[in-house]
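Only one structure is covered here, and it is reproduced in the block below.
Protein chains: 2
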Amino acid sequence: MIKVVAGVDLGGTHTAIGIVDKNMNFYGEESFPTTDYKTFEAWADKLTEVINRLCQKADVELIGFGLGAPNANHFTRSINNTANLQQWKTSENNGIYNIATTFKTRLGEHIEIALDNDANAAAAGEKIYGGAKNMKDFIVITLGTGLGSGIFVNDQLVYGYSGTAGELGHVIVKRNDRPCGCGRAGCLETYASATGICRTVNMLIETEPELGKDSILRKIAKEENGIKKSKVIHEAAQKGDPLALKAFDITGKVLGEALADFTAFTSPEAFFLFGGLANSREYILNPTLRYMEESLCFPFAGKVKVLLSDLLDKNAAILGSAALAWDSLDKK
Amino acid sequence: MIKVVAGVDLGGTHTAIGIVDKNMNFYGEESFPTTDYKTFEAWADKLTEVINRLCQKADVELIGFGLGAPNANHFTRSINNTANLQQWKTSENNGIYNIATTFKTRLGEHIEIALDNDANAAAAGEKIYGGAKNMKDFIVITLGTGLGSGIFVNDQLVYGYSGTAGELGHVIVKRNDRPCGCGRAGCLETYASATGICRTVNMLIETEPELGKDSILRKIAKEENGIKKSKVIHEAAQKGDPLALKAFDITGKVLGEALADFTAFTSPEAFFLFGGLANSREYILNPTLRYMEESLCFPFAGKVKVLLSDLLDKNAAILGSAALAWDSLDKK
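Sequence lines, in order, name chains A and B. Those letters in the first sequence? Residues 1 to 332, per the working numbering, in order. Those letters in the second sequence? Residues 1 to 332, per the working numbering, in order.
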């Protein structure tokens with residue numbers, strides 16, 4: 001019988017489930033509204049019903065359950081105080097939903113239960129299903145609203161003393177420069193993220209009035225009170241827009257120089273770029289790689305790769321969650 | 001019978017040996033001139049004789065052998081192309097001295113043989129004998145001529161893909177600033193090291209003519225064509241010299257801000273300061289700690305310690321080497 005795990009992407013509005021084997025074959029997928037369930041237990045019952053039904057229909061053996069969510073805590077194996085799941089909070093659970101206990105009870109004691117934050121799930125996804133299959137040391141950088149990271153060192157995810165290691169978006173790259181949501185300034189994610197590149201374009205519109213005078217980005221910014229989506233920058237870049245290309249160059253420089261510094265720390269074999277801005281593919285990859293190489297210290301020169309995630313065009317949220325379970329099973 | 005290991009500090013001029021148990025008790029120490037031995041094998045024979053004699057005399061059981069040296073390679077368990085051991089190079093060994101094979105043959109197959117570079121040996125020393133005894137995640141920063149580092153993540157030394165992880169001295173903290181020996185500019189070690197603080201004082205002498213006008217450091221710099229030893233800066237600081245105190249403040253600021261960034265990466269429980277400049281104790285520790293706290297991202301605030309190495313006033317080279325063997329034995 002084919003062995004599978006359930007990969008679960010728990011969002012505030014929808015819960016998506018995929019039944020996946022270790023070779024990335026899907027044996028069923030389903031999603032349902034998270035908000036339809038008034039209690040955590042009712043949601044867990046529904047999820048259990050879906051998983052069991054999909055496995056029975058496909059005639060496969062469930063051996064693991066993986067869940068990736070922003071506030072998932074690997075150590076306590078629970079989801080803690082997530083803003084978008086407040087409706088399940090009771091005086092009893094105090095907003096802490098114990099995934100391990102809940103699903104061991106429902107799916108069986110022998111089922112491997114794994115959960116982690118979404119950046120670590122992305123890293124596990126790359127390890128089990130993506131380009132990091134044969135790597136022990138690598139870092140996945142997610143370029144979304146912010147910059148997240150999942151770090152593998154010696155074949156293990158890095159949690160650190162606090163459990164919250166891998167906050168590479170909050171390494172300071174330009175001290176006292178752009179304000180960051182964390183309350184400080186000059187953090188990497190204020191440049192290298194989907195939001196960061198929008199800020200860079202908005203800055204260029206102000207500071208470089210001669211650059212791309214007829215750029216579509218100037219028009220959009222005027223109409224919409226600033227560039228707010230990195231997608232329009234990508235589309236402009238595809239048309240050779242000089243403002244857009246300059247913004248990718250600036251973003252790649254900041255990111256590439258940071259990756260060179262990260263290399264001196266844990267010496268990864270590769271960095272994988274993932275998330276919204278990574279969908280701009282060569283526009284972000286090429287400058288990042290070039291500036292990283294220029295900035296690397298000599299013992300590392302030519303020894304570290306920058307790659308696009310293999311999961312960019314796949315169902316990464318479900319695959320990352322499933323991968324957490326496979327990675328956990330591999331280490332038994 | 002008490003179990004011990006031999007800790008060996010192999011220098012170009014002298015080889016120092018200590019027979020040490022896991023509680024830091026010494027059962028014999030000796031040193032001999034490395035240069036007296038014309039071949040690697042003759043040196044190994046001599047070292048074997050000393051170790052066996054010391055163990056017999058103390059009536060202890062040897063179970064391990066640890067060696068720390070700048071060019072020691074943990075993976076190949078050999079010393080490769082060390083400038084100061086060129087006299088042993090033959091057409092046969094090509095300057096690569098295989099420590100594992102050599103001492104397994106001489107001391108016995110059952111003896112645990114460990115070797116590593118000196119920064120990793122210092123980190124192992126902190127783990128086995130020092131302040132990191134109960135820590136799984138910590139970083140030792142050695143502030144000597146340069147800045148070296150040994151990183152523990154999840155109870156393991158970090159080597160990375162290249163085997164040369166932990167080059168934190170070459171993280172760039174002020175881009176395009178001070179030239180570094182690595183050929184780039186603005187590396188952390190150009191500020192935070194015994195050499196770095198000398199450069200800072202020499203800079204202050206030029207750029208701040210009104211600061212510490214009667215400073216002893218100005219006199220020394222004039223007589224000796226610049227400040228060349230951090231010891232004189234420490235002595236001046238003890239007398240309240242404003243130039244010296246300003247130099248420690250600048251050094252601590254650069255180092256503390258870098259430690260805050262490192263925390264976002266692997267989230268250590270503590271940083272340990274070691275090496276020449278760490279002997280200045282509170283003069284370097286206090287500003288480093290203060291600026292790190294000011295710079296930490298909120299999830300880490302108040303959660304990471306900066307400590308002086310417990311081995312500062314001990315025979316750290318031998319203890320670090322011995323610790324490599326104990327750490328290796330612990331992981332069997």
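Ideal Cβ positions, reconstructed from N, Cα and C, are used throughout, including at glycine.
From the options, pick the residue whose C-alpha is nearest to that of residue i; which is it?
i, options, result
"A/L147", "A/M203, A/R218, A/P70, A/G12", "A/P70"
"A/Q87", "A/T34, A/D313, A/L289, A/A185", "A/T34"
"A/K133", "A/I141, A/T142, A/A123", "A/A123"
"B/N23", "B/N225, B/W326, B/V50", "B/W326"
"A/I2", "A/T13, A/D21, A/G12", "A/D21"
"A/F265", "A/A194, A/K219, A/G166", "A/G166"
"A/Y129", "A/E269, A/G7, A/T263, A/T15", "A/G7"
"A/R290", "A/K314, A/E269, A/F248", "A/F248"
"B/G276", "B/L157, B/K314, B/L324, B/E109", "B/K314"
"A/E92", "A/E41, A/K246, A/I63", "A/E41"
"B/N25", "B/L324, B/L319, B/D330, B/K331", "B/L319"
"B/T105", "B/Y27, B/M292, B/F65", "B/F65"
"A/F274", "A/A83, A/T13, A/T101, A/G150", "A/G150"
"A/T288", "A/F300, A/F272, A/P209", "A/F272"
"A/I205", "A/K222, A/K46, A/S193, A/A192", "A/K222"
"A/Y159", "B/F300, B/L10, B/A322, B/V4", "B/F300"
"B/L243", "B/D214, B/A270, B/G252", "B/D214"
"A/G11", "A/Q156, A/Y37, A/V5", "A/Y37"
"A/L67", "A/A236, A/A100, A/C55", "A/A100"
"A/A317", "A/S328, A/K305, A/E126, A/F152", "A/E126"
"A/S328", "A/L255, A/I63, A/V304", "A/I63"
"B/L136", "B/T13, B/A278, B/A270, B/T145", "The residue asked about is misnamed: residue 136 of chain B is Lys in this sequence, not Leu. The shortest C-alpha separation from B/K136 is found at B/A270."
"A/N73", "A/E112, A/A121, A/K332", "A/A121"
"A/K305", "A/L157, A/N176, A/I141, A/K332", "A/I141"
"A/V60", "A/Y161, A/N176, A/V4, A/K331", "A/V4"
So residue i packs on residue j, CB below 8 Å; how close in whole Å?
i, j, result
"A/G163", "A/F75", "5 Å"
"A/I19", "A/L107", "Contact flag wrong, Cβ pair sits at about 12 Å."
"A/I250", "A/V232", "No, A/I250 and A/V232 are not in contact; Cβ-Cβ is about 17 Å, not under 8 Å."
"B/N98", "B/R77", "7 Å"
"A/K228", "A/C198", "6 Å"
"B/L285", "B/L308", "6 Å"
"A/T263", "A/L296", "6 Å"
"A/L255", "A/A192", "4 Å"
"A/L54", "A/T15", "That belief does not hold up - the Cβ atoms of A/L54 and A/T15 are roughly 13 Å apart, past 8 Å."
So, is residue i buried or exposed, given that buried needs 16 or more other C-beta atoms within 10 angstroms?
i, result
"A/D116", "buried"
"A/N225", "exposed"
"B/H170", "buried"
"B/G302", "exposed"
"B/H234", "buried"
"B/P179", "exposed"
"A/T181", "The sequence given here places Gly at residue 181 of chain A; Thr does not occur at that position. The residue is exposed, with fewer than 16 neighbouring Cβ atoms inside 10 Å."
"B/F298", "exposed"
"B/K203", "What sits at residue 203 of chain B in the sequence shown is Met, not Lys. Exposed, by the Cβ-count rule."
"B/G28", "buried"
"A/G240", "exposed"
"B/D261", "buried"
"B/A119", "buried"
"A/A322", "buried"
"A/G183", "exposed"
"A/K253", "buried"
"B/P268", "buried"
"B/A237", "buried"
"B/E109", "exposed"
"B/R218", "buried"
"B/E294", "exposed"
Which ranges does the alpha helix (DSSP H) cover as unbroken runs of at least 4 residues, wholly within the segment 251-306 of chain A, from first to last along the chain?
282-295
Taking beta-carbon pairs under 7 Å, can you tell me which members of the segment 137-162 of chain B lie near chain A?
D137, V153, N154, Q156, V158, G160, Y161, S162
Identify each residue in the segment 277-306 of chain A for which the Cβ-Cβ distance to at least one residue of chain B is less than 8 Å, and report them in chain order.
S295, C297, F298, P299, F300, K303, V304
Jot down the residue ranges of each uninterrupted alpha helix (DSSP H) in the segment 161-238 of chain A, minimum 4 residues, whole runs only, in chain order.
194-207, 216-224, 230-238
Looking at chain A, which residues of the segment 122-138 of chain B have a Cβ within less than 9 Å of any of its Cβ atoms?
M135, K136, D137, F138
Where the segment 51-64 of chain A meets chain B: residues whose CB sits under 7 Å from a CB there
none
Restricting to runs no shorter than 4 residues, where is the alpha helix (DSSP H) found entirely within the segment 63-131 of chain B?
99-107, 118-129
Mind checking the segment 238-270 of chain B against chain A and listing, in chain order, the residues whose C-beta falls within less than 9 Å of any C-beta there?
E257, A260, D261, F262, T263, A264, F265, T266, S267, P268, E269, A270
Tell me which residues of the segment 178-189 of chain A have at least one Cβ-Cβ distance to chain B shorter than 7 Å, keeping chain order.
C182, G183, R184
Members of the segment 87-118 of chain B that neighbour chain A once the beta carbon cut-off is set at 8 Å
none
Which residues, in order along the segment 20-31 of chain A, keep a beta-carbon less than 8 Å from a beta-carbon of chain D?
Annotation note: the requested chain D is absent from the structure, which comprises protein chains A and B.
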